[in-house]
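Right, one structure below, let's go through it.
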Amino acid sequence: MDSATGYTIPVERISWQAEGSGFYSGQLSKAAPALVARFTGPGSFTGYLYFFFAEDPNMAPGAYRTTVTILVEGI
Numbered sequence: 104m105d106s107a108t109g110y111t112i113p114v115e116r117i118s119w120q121a122e123g124s125g126f127y128s129g130q131l132s133k134a135a136p137a138l139v140a141r142f143t144g145p146g147s148f149t150g151y152l153y154f155f156f157a158e159d160p161n162m163a164p165g166a167y168r169t170t171v172t173i174l175v176e177g178i
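So in my numbering the end of the sequence shown lands on 178, straight run, no missing numbers.
This is the structure in structure tokens:
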């Protein structure tokens, strides 16, 4: 939500492009988790996530903020 205008962009309108071996591109969702990366075995893994708004000419300009939680698990 933009605190100046009160306009909200649904989080589902935000996607990401991933770079790096084992990393996946995807789309944010309030309802379900998304797989960002999967690796096998030990090691050091580096990747990048680039976030984008879906193109929509009705979106108001502003400064928007949300929180994304990334859970890392080892098996």
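Where is the CB? At the ideal position from N, CA and C, for every residue including glycine.
Worksheet item: Mind checking F155: buried by the 16 CB within 10 Å criterion, or exposed?
Response: exposed
Worksheet item: Can G150 and G129 be called in contact, C-beta distance under 9 Å?
Response: no
Fill in: Between the CA atoms of L152 and S132 - distance to the nearest angstrom
16 Å
Practice prompt. Give the secondary structure of E122 by DSSP, where H, G and I count as helix, E and B as strand, and everything else as coil.
Written response: strand
Fill in: Rounded straight-line distance, which links the Cα of A157 to that of W119
10 Å
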